[in-house]
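To start, the structure under review is shown below, and the notes come after it.
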Amino acid sequence: MSAPSRPSPAAAPARSAARAPLTFDRGHTDDLMSFLAAGPTPYHAVATAAERLEKAGFRQVAETDAWDGTTGGKYVLRGGAIVAWYVPESAVAHTPFRIVGAHTDSPNLRVKPRPDTGAHGWRQVAVEIYGGPLMNSWLDRDLGLAGRLTLRDGSTRLVNVDRPLLRVPQLAIHMDRNVSAEGLKLDKQRHLQPVWGLGDTVRDGDLIAFLEEEAGLARGEVTGWDLMTHSVEPPAYLGRDKDLVAGPRMDNLLSVHAGVAALAAVATSGTDLPYIPVLAAFDHEETGSQSDTGADGPLLGSVLERSVFARGGSYEDRARAFAGTVCLSSDTGHAVHPNYAERHDPTHQPRVNGGPILKVNVNNRYATDGSGRAVFAAACEKADVPFQTFVSNNSMPCGTTIGPITAARHGISTVDIGAAILSMHSARELCGADDPYLLANALVAFLEG
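And the structure:
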């Protein structure tokens, strides 16, 4: 088993009273749990991120407006995505960017266009499977409903019913005697439709009328919706020593939260920066990133280019800035599982609370190469944060991230990293209590350059 990589004593002396402390400590993990609870959907997550950036002095700019070349923090919101950046006083048109990339979406159950359904005296909500959830983790769990409502005038309103409203009831073992021997088999169409009440008559419009009332809207005001379920059980410390955290949507709000915190810290540090720090948190990573708010869309490139041009730059300045830019694609990865250790590579087995992981795949499922490793190692050394390396078992397919997409679409050097967790894509995931703030500290060091 490989030990977590830590800077050598010669390269990085042990922290002393004379050395600056870490930017974040365990209080960051407390704050992460609040962030997870406040972000049941990508729309809520980016709204919460924007609130935090506003407190750090950032201001929203509209894509439909002309942009100026002023310094300071700015951000763009588009649906469930946010791109934020900070222009230091010393920035010129060709100043490169340092980007933290992440995604805001998580696998879940999403409401269909005709949501009202039911049978045999049960009122149900018709849902579609989003991404690749561990479907069994959504069974017999109290679920809320949240998302974005679009009104007749084209405006939008967020709604969050954060209380037990829905439930996907599992079939009793008495009616599925082979489940223990043969395993649970779920039909995505028939077995995952949640119940939310009783009634022999299905009435079209009931669910949306209920949500209009919840949101304080008039009946019939909502003409469009993007709604999804979420577990209402709050995040919590777990274990004898509370050294673990259980909660929803760590994949990948853990990275979004770390990126927001790191960008705000760098922007308010009062130090001049050799790069323009950026946070790019995209939607739709779990379904391939191909949307106007996904990493395979034009959003990031448009924002970076417009930032260059707003500072009086030319296409040549844009090319120079992109050539010197580095992106850390931060997404959760797999910690070694105590019950399935054989599924991991025998020499690369990241542990929780061992620090962030560097993800490597020679078939470009991750974007990391040797030069990228050196960039990340330097950031961890500067922050005095240990890091580990993840490589998939050769006998198993490797997942992917926004990293290769970002590298290929924009010609930007990209490195895949993240925090090690268990139960990825479950309705409730598990991480180490120290890893969120270790990741955030590494991101601060990276953004500072």
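The sequence shown: position 291 = 1172 (our numbering), numbered continuously.
Just so you know, even glycine gets a beta-carbon here, dropped at the ideal spot from N, CA and C.
Nearest-angstrom Cα separation, counted from residue j out to residue i
{"i": "Thr904", "j": "Ala1146", "result": "8 Å"}
{"i": "Arg907", "j": "Asp1164", "result": "28 Å"}
{"i": "Trp1207", "j": "Val1256", "result": "The question names Trp, but residue 1207 is Val in the sequence shown. The straight-line gap from Cα to Cα measures roughly 9 Å."}
{"i": "Leu917", "j": "Tyr924", "result": "13 Å"}
{"i": "Leu1053", "j": "Leu1065", "result": "According to the sequence as given, residue 1053 is Ala; it is not Leu. The alpha-carbon atoms of Ala1053 and Leu1065 are separated by roughly 11 Å."}
{"i": "Val964", "j": "Thr1082", "result": "46 Å"}
{"i": "Asn1234", "j": "Arg1100", "result": "50 Å"}
{"i": "Ile1293", "j": "Ala1259", "result": "19 Å"}
{"i": "Arg1038", "j": "Ile1089", "result": "13 Å"}
{"i": "His1137", "j": "Ala983", "result": "Here residue 1137 turns out to be Val, not His, going by the sequence shown. One C-alpha to the other measures close to 6 Å."}
{"i": "Leu1319", "j": "Arg1232", "result": "13 Å"}
{"i": "Leu1098", "j": "Asp986", "result": "26 Å"}
{"i": "Gly1035", "j": "Gly999", "result": "31 Å"}
{"i": "Pro888", "j": "Pro1267", "result": "Low per-residue confidence applies at Pro888: pLDDT is 38, beneath 50, and the placement is therefore not dependable, though the value from the model is reported in the following sentence. Rounded to whole angstroms, Pro888 to Pro1267 spans 7 Å at the Cα level."}
{"i": "Ser1273", "j": "Cys1261", "result": "22 Å"}
{"i": "Asn1275", "j": "Arg1224", "result": "10 Å"}
{"i": "Pro1116", "j": "Tyr1221", "result": "25 Å"}
{"i": "Val1141", "j": "Ser915", "result": "14 Å"}
{"i": "Gly1028", "j": "Thr952", "result": "34 Å"}
{"i": "Phe1271", "j": "Gln1230", "result": "7 Å"}
{"i": "Pro894", "j": "Arg1254", "result": "Residue confidence for Pro894 is low, a pLDDT of 34 falling below 50, so the modelled location carries little weight and cannot support an answer."}
{"i": "Arg896", "j": "Gln1269", "result": "Because Arg896 sits at a pLDDT of 41, beneath the cut-off of 50, its placement in the model cannot be relied upon, and the following sentence gives the value as read from the coordinates. Taking the straight line joining both Cα atoms gives about 20 Å."}
{"i": "Ala1161", "j": "Gly954", "result": "14 Å"}
{"i": "Leu1073", "j": "Met1056", "result": "17 Å"}
{"i": "Gly1169", "j": "Leu1030", "result": "24 Å"}
DSSP bridge partner residues for residue i (one or two, in chain order)
{"i": "Trp1106", "result": "Leu1030"}
{"i": "Cys1312", "result": "Val1126, Ile1302"}
{"i": "Val1141", "result": "For Val1141, which the question treats as bridged, DSSP gives no partner whatsoever."}
{"i": "His1225", "result": "Ser1273"}
{"i": "Ser1112", "result": "Leu1024"}
{"i": "Ala1117", "result": "Ala1127"}
{"i": "Lys1066", "result": "Answer is none; Lys1066 lacks a bridge partner."}
{"i": "Ile1010", "result": "Leu990"}
{"i": "Ala1003", "result": "Before going further, note that residue 1003 is Trp rather than Ala in the sequence given. Bridge partners of Trp1003: Ala1000, Leu1079."}
First and last residue of the uninterrupted beta strand (DSSP E) at residue i
{"i": "Ala1123", "result": "Note that residue 1123 corresponds to Lys in the displayed sequence, not to Ala. Neither: Lys1123 is in no beta strand (DSSP E) and is coded neither H nor E."}
{"i": "Asn989", "result": "989 to 1000"}
{"i": "Leu1160", "result": "1157 to 1163"}
{"i": "Ile1238", "result": "1238 to 1240"}
{"i": "Leu1331", "result": "No information on residue 1331 is available, as it lies outside the stretch 882 to 1330 that the chain covers here."}
{"i": "Gly1078", "result": "1076 to 1079"}
Own chain partners of residue i with C-beta closer than 6 Å, once the 5 adjacent residues on each side are dropped
{"i": "Gly1080", "result": "Arg1004"}
{"i": "Gln1171", "result": "Asp1177"}
{"i": "Leu1020", "result": "Val1049, Gln1051"}
{"i": "Thr1295", "result": "Cys1208, Ser1210, Ala1248, Gly1284, Thr1287, Ala1288"}
{"i": "Glu1009", "result": "Arg991, Lys993"}
{"i": "Asp1297", "result": "Ser1210, Lys1240, Tyr1247, Ala1248, Thr1249, Thr1282, Gly1284"}
{"i": "Asn1242", "result": "Cys1279"}
{"i": "Ala930", "result": "Ile963, Val1141"}
{"i": "Ala919", "result": "Thr929"}
Selection from the options that minimises the alpha carbon distance to residue i
{"i": "Ser1183", "options": "Gly920, Ala943, Phe916", "result": "Ala943"}
{"i": "Leu1032", "options": "Trp966, Asp1107, His1001", "result": "Asp1107"}
{"i": "Leu958", "options": "Val927, Gly1193, Leu1154, Asp997", "result": "Val927"}
{"i": "Thr1152", "options": "Tyr967, Gly1253, Gly1205", "result": "Tyr967"}
{"i": "Asp949", "options": "His1111, Gly1193, Thr929, His1229", "result": "Gly1193"}
{"i": "Asp1265", "options": "Gly1251, Gly1236, Gln1230", "result": "Gly1236"}
{"i": "Asp1087", "options": "Leu1073, Val1103, Tyr956", "result": "Val1103"}
{"i": "Thr1174", "options": "Val1113, Arg1254, Gly1120, Gly961", "result": "Gly961"}
{"i": "Gln1070", "options": "Val1217, Ile1157, Arg1022, Ala1007", "result": "Ala1007"}
{"i": "Glu1094", "options": "Val1060, Ser1061, Val1040, Ser1112", "result": "Val1040"}
Same chain only: Cβ atoms within 8 Å of residue i, ignoring 5 sequence neighbours per side
{"i": "Ser1150", "result": "Glu1329"}
{"i": "Glu1310", "result": "Ala1127, Gly1128, Pro1129, Arg1130, Met1131, Asp1132, Thr1213, Ile1302, Leu1303, Ser1304"}
{"i": "Ala1314", "result": "Arg907, Thr910, Tyr1118, Lys1123, Asp1124, Leu1125, Val1126, Asn1234"}
Close Cβ partners of residue i (< 7 Å) along its chain, the five nearest in sequence each way excluded
{"i": "His1306", "result": "Pro988, Gly1013, Pro1014, Leu1015, Asp1132"}
{"i": "Leu1333", "result": "No answer is possible for residue 1333: it lies beyond the span of the chain, which begins at 882 and ends at 1330."}
{"i": "Leu1135", "result": "Leu913, Thr1213, Ala1300, Cys1312, Pro1317"}
{"i": "Ala1143", "result": "Val981, Ala1321, Leu1324, Val1325, Leu1328"}
{"i": "Ser1018", "result": "Ser1307, Ala1308, Arg1309"}
{"i": "Ala1202", "result": "His975, Thr976, Pro977, Phe978, Val1189"}
{"i": "Arg1199", "result": "Glu1186, Val1189"}
{"i": "Ala1216", "result": "Pro1231, Arg1232, Val1233, Ala1301, Ile1302, Leu1303"}
Host alpha helix (DSSP H) of residue i (start-end)
{"i": "Asn1041", "result": "Not the alpha helix (DSSP H): Asn1041 falls in the beta strand (DSSP E), residues 1037 to 1047."}
{"i": "Val964", "result": "No alpha helix (DSSP H) holds Val964; the beta strand (DSSP E) holding it covers 962 to 968."}
{"i": "Arg1187", "result": "1180 to 1191"}
{"i": "Ser1195", "result": "Where Ser1195 is concerned, there is no enclosing alpha helix (DSSP H), given that its DSSP letter is neither H nor E."}
{"i": "Ser1170", "result": "First-last for Ser1170: undefined, no H or E at that position."}
{"i": "Gly1251", "result": "1251 to 1264"}
{"i": "Gln936", "result": "Sequence inspection shows Lys at residue 936; the Gln mentioned does not correspond to that position. Its alpha helix (DSSP H) spans residues 923 to 936."}
{"i": "Phe916", "result": "907 to 919"}
{"i": "Val1060", "result": "1060 to 1063"}
{"i": "Phe978", "result": "Where Phe978 is concerned, there is no enclosing alpha helix (DSSP H), although the beta strand (DSSP E) it sits in stretches over 978 to 984."}
{"i": "Val1088", "result": "A quick correction: the sequence has Leu, not Val, at residue 1088. Residues 1087 to 1095."}
{"i": "Ala1288", "result": "1284 to 1291"}
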